[in-house]
Amino acid sequence: MLRETVYNEIFDSQRHFRTILDSMSRPGKLNRFAPIPLTPPAGLAKPAAYVGLALLNADVSFHAELLGPEAVAYLRVNTHAQAAAPGLADFFFVRGSDGGAAALIAEAKLGLPAYPETGATFVFQVSRLGKSSNIGGLQLELTGPGIETREIIFVEGLNPDLITAIKTRNVEFPLGLDAMFVSEDESIMCLPRTTRVLVTNL
Amino acid sequence: MITESKFQQTYNFGFIDESTKKEIRRKLLKAVAIPGYQVPYSSPEMPIARGWGTGGLHATLSLIGPEDIFKIIDQGSDASVNACNLRDFVKRMTNCRTTFDTAEATLIQTRHRKPEEILTDKQIIVFQVPQPEPLRSVERYEFKTRLMHAEADYAKMWVSLYESYVKFGAIMQGAGYPVRVNGRYIMTPSPIPRWDVPNLSMAPCLHVFSAGREKRLHCVPPFTKVEPLEFEDVKFHVEDFGAITCAASGGDKAFMDEIYESETSRKFVMNDSNFMDKVRSGTRPPQRLFTNPTV
Numbered sequence: 020m021l022r023e024t025v026y027n028e029i030f031d032s033q034r035h036f037r038t039i040l041d042s043m044s045r046p047g048k049l050n051r052f053a054p055i056p057l058t059p060p061a062g063l064a065k066p067a068a069y070v071g072l073a074l075l076n077a078d079v080s081f082h083a084e085l086l087g088p089e090a091v092a093y094l095r096v097n098t099h100a101q102a103a104a105p106g107l108a109d110f111f112f113v114r115g116s117d118g119g120a121a122a123l124i125a126e127a128k129l130g131l132p133a134y135p136e137t138g139a140t141f142v143f144q145v146s147r148l149g150k151s152s153n154i155g156g157l158q159l160e161l162t163g164p165g166i167e168t169r170e171i172i173f174v175e176g177l178n179p180d181l182i183t184a185i186k187t188r189n190v191e192f193p194l195g196l197d198a199m200f201v202s203e204d205e206s207i208m209c210l211p212r213t214t215r216v217l218v219t220n221l
Numbered sequence: 140m141i142t143e144s145k146f147q148q149t150y151n152f153g154f155i156d157e158s159t160k161k162e163i164r165r166k167l168l169k170a171v172a173i174p175g176y177q178v179p180y181s182s183p184e185m186p187i188a189r190g191w192g193t194g195g196l197h198a199t200l201s202l203i204g205p206e207d208i209f210k211i212i213d214q215g216s217d218a219s220v221n222a223c224n225l226r227d228f229v230k231r232m233t234n235c236r237t238t239f240d241t242a243e244a245t246l247i248q249t250r251h252r253k254p255e256e257i258l259t260d261k262q263i264i265v266f267q268v269p270q271p272e273p274l275r276s277v278e279r280y281e282f283k284t285r286l287m288h289a290e291a292d293y294a295k296m297w298v299s300l301y302e303s304y305v306k307f308g309a310i311m312q313g314a315g316y317p318v319r320v321n322g323r324y325i326m327t328p329s330p331i332p333r334w335d336v337p338n339l340s341m342a343p344c345l346h347v348f349s350a351g352r353e354k355r356l357h358c359v360p361p362f363t364k365v366e367p368l369e370f371e372d373v374k375f376h377v378e379d380f381g382a383i384t385c386a387a388s389g390g391d392k393a394f395m396d397e398i399y400e401s402e403t404s405r406k407f408v409m410n411d412s413n414f415m416d417k418v419r420s421g422t423r424p425p426q427r428l429f430t431n432p433t434v
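Taken in order, these protein sequences are the chains called A and B.
Just so we're aligned: the first sequence equals residues 20 to 221 in the working numbering.
Just so we're aligned: the second sequence equals residues 140 to 434 in the working numbering.
Right, here's the structure in full:
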């Protein structure tokens, strides 16, 4: 079944939006989504589908080619957003382990100096996010607005090339990309373009 | 039998339709990601006139959920007319719990004040903004101010502050004192008194500023540096109330309203009504106070 019937367009999207907003305001903070029994296709992780259903509508476009044609069809049917080429898309859905996404990051729009909010938003599907080092993967040290002093977060299932690619594109503030990371246990962590990221265990 | 409760109501939850809410939500996320930058947004029609708090309502109604506890103040008071009417409206459209207690609220909408009490990381404060463009007093065209922001070209702003100092011996801007957010964008904090301006900086709560008539919204995320514009030798000062105490609660060190009693006498009362009630009941909440520099 392609079309979701269990998702409450009013209340589920509001609750998920508040989770995303809290994560975006406090980079490095882990938030858990309220679970909804969605049935997205194999390529698209459930929390990524939450983000899509909460934020996308017919006014915006997305790029999810790397997750397979079923994921693209699912997002199109359930949000009415249009699939678009990487240079035009507002939202990107990719796997964090997929080094091929670096090419998309390099091509995504950054916004214009007078309208920097038109820069793209990336949703990375990773396997685990956590605060303690017993989670493998990258250790990120974060500073910037939304963080009192500094935050440390561990991300498993994220290709370090993608962090490098994002940093390369975010050098010219206010132009830039904003990133969301969603994990298999339905947590979310965000890195807006203002956050300075240091990979400290490579 | 049809059990869909959605169609038993005349209005959508939160009045605004879901598609427009999504648009405002996306813009809010971008406003958080670019602190101090004014994001253009749709500003949908509301049942009150633009310029009377529609911007605040757009942000509030896009944020609010059934579990939220809502507080709204106008010039510090829960009981003034703008606050009462907008509270009634939000209550009717969402059936959320409302409160006067600043500490209990999860979502606070305000006109022209930030509450004295320190807001926590569980709270979001929404400011109603009449004029979001701090450069409007020095440049009348929108396309030019947009370019000035893009290029961080704030020379005219500095000159206007300097001119004010040369003419009057002080920077005269009282409410809506221009600030620099995160070392980049110059932003108006909406017409809050100078007293509240230092409390925007490195605060635990999220600040949302929304101007319905001008169709712009901007944000100050938590723990973000907000600096009032000042010169090396002419510093920013907050209002000095000296030894004045509140006539109703006896407390001091809060933003005061001046009340004229007759031709010869006057008194002062605390402007933040909930804060005054708490001081009066003997439980003064924690506050962040700014000490004026000596220069």
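Heads up, the beta-carbon is just placed ideally off N, CA and C, and yes, glycines get one too.
Residue(s) in a DSSP beta bridge with residue i
{"i": "histidine 357 of chain B", "result": "B:Phe348"}
{"i": "isoleucine 325 of chain B", "result": "B:Arg319"}
{"i": "lysine 210 of chain B", "result": "B:Ile247"}
{"i": "phenylalanine 394 of chain B", "result": "Per DSSP, none; premise fails for phenylalanine 394 of chain B."}
{"i": "asparagine 50 of chain A", "result": "A:Ile207"}
{"i": "aspartate 197 of chain A", "result": "A:Thr140"}
{"i": "lysine 417 of chain B", "result": "Lysine 417 of chain B pairs with nothing; no bridge assigned."}
{"i": "isoleucine 171 of chain A", "result": "A:Glu160"}
{"i": "tyrosine 399 of chain B", "result": "B:Arg405"}
Proximal residues of chain B, C-beta to C-beta of residue i below 7 Å
{"i": "glutamate 167 of chain A", "result": "Phe362"}
{"i": "alanine 133 of chain A", "result": "Arg285, Leu286 and Ala289"}
{"i": "phenylalanine 36 of chain A", "result": "Arg164"}
Top-ranked residue by Cα proximity to residue i, from the options
{"i": "threonine 193 of chain B", "options": "B:Arg226, B:Leu168 and B:Phe394", "result": "B:Arg226"}
{"i": "alanine 108 of chain A", "options": "A:Phe81, A:Thr140, A:Gly87 and A:Leu86", "result": "A:Phe81"}
{"i": "alanine 133 of chain A", "options": "A:Gly195, A:Ala100 and A:Thr24", "result": "A:Gly195"}
{"i": "serine 349 of chain B", "options": "B:Ile212, B:Leu196 and B:Asp213", "result": "B:Leu196"}
{"i": "proline 179 of chain A", "options": "A:Gly118, A:Ala68, A:Arg34 and A:Arg95", "result": "A:Gly118"}
{"i": "leucine 131 of chain A", "options": "A:Ala64, A:Ile207, A:Phe192 and A:Ser202", "result": "A:Phe192"}
{"i": "cysteine 209 of chain A", "options": "A:Ala64, A:Ala61 and A:Asn50", "result": "A:Asn50"}
{"i": "glycine 322 of chain B", "options": "A:Leu181, A:Gly163, A:Arg188 and A:Thr168", "result": "A:Gly163"}
{"i": "alanine 125 of chain A", "options": "A:Arg114, A:Phe112 and A:Gly106", "result": "A:Gly106"}
{"i": "isoleucine 207 of chain A", "options": "A:Gly47, A:Thr213 and A:Lys128", "result": "A:Gly47"}
{"i": "arginine 275 of chain B", "options": "B:Leu368, B:Met326, B:Ser303 and B:Leu345", "result": "B:Met326"}
{"i": "tryptophan 334 of chain B", "options": "B:Val229, B:Ile211 and B:Asp379", "result": "B:Asp379"}
{"i": "aspartate 197 of chain A", "options": "A:Pro135, A:Thr219 and A:Leu221", "result": "A:Pro135"}
{"i": "serine 44 of chain A", "options": "B:Arg355, B:Ser401 and B:Ala342", "result": "B:Ala342"}
Span separating the alpha-carbon of residue i from that of residue j
{"i": "histidine 288 of chain B", "j": "alanine 53 of chain A", "result": "39 Å"}
{"i": "lysine 364 of chain B", "j": "phenylalanine 414 of chain B", "result": "26 Å"}
{"i": "asparagine 234 of chain B", "j": "proline 205 of chain B", "result": "7 Å"}
{"i": "arginine 22 of chain A", "j": "threonine 137 of chain A", "result": "29 Å"}
{"i": "glutamate 157 of chain B", "j": "threonine 430 of chain B", "result": "45 Å"}
{"i": "serine 201 of chain B", "j": "serine 219 of chain B", "result": "24 Å"}
{"i": "lysine 374 of chain B", "j": "proline 317 of chain B", "result": "13 Å"}
{"i": "isoleucine 257 of chain B", "j": "aspartate 416 of chain B", "result": "16 Å"}
{"i": "tyrosine 293 of chain B", "j": "glutamate 371 of chain B", "result": "17 Å"}
{"i": "alanine 67 of chain A", "j": "alanine 382 of chain B", "result": "57 Å"}
{"i": "isoleucine 310 of chain B", "j": "tryptophan 297 of chain B", "result": "11 Å"}
{"i": "isoleucine 39 of chain A", "j": "alanine 73 of chain A", "result": "9 Å"}
{"i": "arginine 352 of chain B", "j": "methionine 232 of chain B", "result": "21 Å"}
{"i": "alanine 258 of chain A", "j": "alanine 100 of chain A", "result": "In this structure chain A extends from 20 to 221, so residue 258 of chain A is not present and cannot be described."}
{"i": "tyrosine 176 of chain B", "j": "threonine 213 of chain A", "result": "12 Å"}
{"i": "threonine 422 of chain B", "j": "aspartate 207 of chain B", "result": "25 Å"}
{"i": "proline 273 of chain B", "j": "alanine 198 of chain B", "result": "20 Å"}
{"i": "lysine 261 of chain B", "j": "proline 59 of chain A", "result": "31 Å"}
{"i": "glutamate 235 of chain A", "j": "aspartate 396 of chain B", "result": "Coverage of chain A is limited to positions 20 through 221, which leaves residue 235 of chain A absent and any answer about it impossible."}
{"i": "leucine 148 of chain A", "j": "valine 201 of chain A", "result": "8 Å"}
{"i": "isoleucine 187 of chain B", "j": "glycine 155 of chain A", "result": "54 Å"}
Amino acids of chain B, ordered along the chain, whose beta-carbon sits closer than 8 Å to that of residue i
{"i": "isoleucine 39 of chain A", "result": "Leu168"}
{"i": "phenylalanine 112 of chain A", "result": "In chain order: nothing, as chain B lies at least about 15 Å away."}
Neighbour list for residue i in chain A, Cβ cutoff strictly below 8 Å
{"i": "glutamate 162 of chain B", "result": "Asn76 and Asp78"}
{"i": "valine 318 of chain B", "result": "Neighbours of valine 318 of chain B on chain A: none; closest Cβ ~14 Å, over 8 Å."}
{"i": "proline 205 of chain B", "result": "Phe30"}
{"i": "serine 182 of chain B", "result": "Here the premise fails: no neighbours, minimum Cβ distance about 15 Å."}
{"i": "serine 158 of chain B", "result": "Asn76, Ala77 and Asp78"}
{"i": "leucine 339 of chain B", "result": "Result: empty, since nearest Cβ-Cβ is about 12 Å, beyond 8 Å."}
{"i": "leucine 258 of chain B", "result": "Those within 8 Å of leucine 258 of chain B in chain A number zero; the least Cβ separation is about 13 Å."}
Chain A contact residues for residue i, given Cβ-Cβ distances below 9 Å
{"i": "tyrosine 176 of chain B", "result": "Pro135, Glu136 and Pro193"}
{"i": "phenylalanine 152 of chain B", "result": "Ile29, Phe30 and Gln33"}
{"i": "valine 268 of chain B", "result": "What valine 268 of chain B touches in chain A: nothing, since even the nearest Cβ is about 17 Å away."}
Interface residues of chain A facing residue i [CB-CB closer than 7 Å]
{"i": "alanine 172 of chain B", "result": "Met43, Asp197, Pro211, Arg212 and Thr213"}
{"i": "asparagine 321 of chain B", "result": "Pro164 and Thr213"}
{"i": "leucine 345 of chain B", "result": "Ser44"}
{"i": "leucine 196 of chain B", "result": "Under the 7 Å cutoff, chain A gives no residues; its nearest Cβ is about 16 Å from leucine 196 of chain B."}
| field | Sequence ranges, alpha helix (DSSP H) only - wholly within the region 167-232 of chain B, length at least 4 | value | 193-202
| query | What are the uninterrupted segments assigned as alpha helix (DSSP H) that are 4 or more residues long and contained completely in the region 72-141 of chain A, given in chain order? | reply | 88-98 and 120-126
| task | Can you check the region 264-322 of chain B for any alpha helix (DSSP H) of at least 4 residues that lies completely inside it and give the ranges in chain order? | result | 281-289 and 294-307
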